[in-house]
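Accompanying notes for the structure given below.
Numbering (the numbering used here), first residue to last: 287 to 395.
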């Protein structure tokens, strides 16, 4: 019975020590290399990325609205073309050369 108690105690102690060592190694490896090499207190030479300022917070003019609308229409047309191409490729893979009709005829039932 004594060996069984030693085994379970050692098992839990090993799990705790192994978990702590693994956590420390993980923290060290996860920190960026530049951060580890730099002495404490030294500021990074890499500037932080700046957020892009929002354009046109004021009242948009008719011309800018029209340009934006045309740009969106062009993108929508491109997406529709891409969807159609994929639909034709899928239909070709499934062995159907044409799209199935959306209405059911009495003969097909």
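The C-beta atom is built at its ideal place from N, Cα and C for all residues, glycine as well.
Exercise for the section: Go ahead and pull the three-state DSSP assignment for residue 294. Expected result: Helix at residue 294.
Practice task
Keeping to the same chain, check which residues put their C-beta closer than 7 Å to that of residue 375; ignore five residues upstream and five downstream.
Solution key: The beta carbon of residue 375 lies closer than 7 Å to none in the same chain, with the five residues before and after it left out.
Practice task
Compute every distance between the C-beta of residue 316 and the non-hydrogen atoms of the ligand ADP, then say whether any falls below 8 Å.
Solution key: What this structure holds is no ligand at all, so the ligand ADP is not there to describe.
Exercise for the section: Please state whether DSSP places residue 395 in a helix, a strand or coil. Expected result: Unreliable placement is indicated for residue 395, whose pLDDT of 49 sits below 50; the coordinate value is still reported in the next sentence. In this structure, residue 395 counts as coil in the three-state DSSP scheme.
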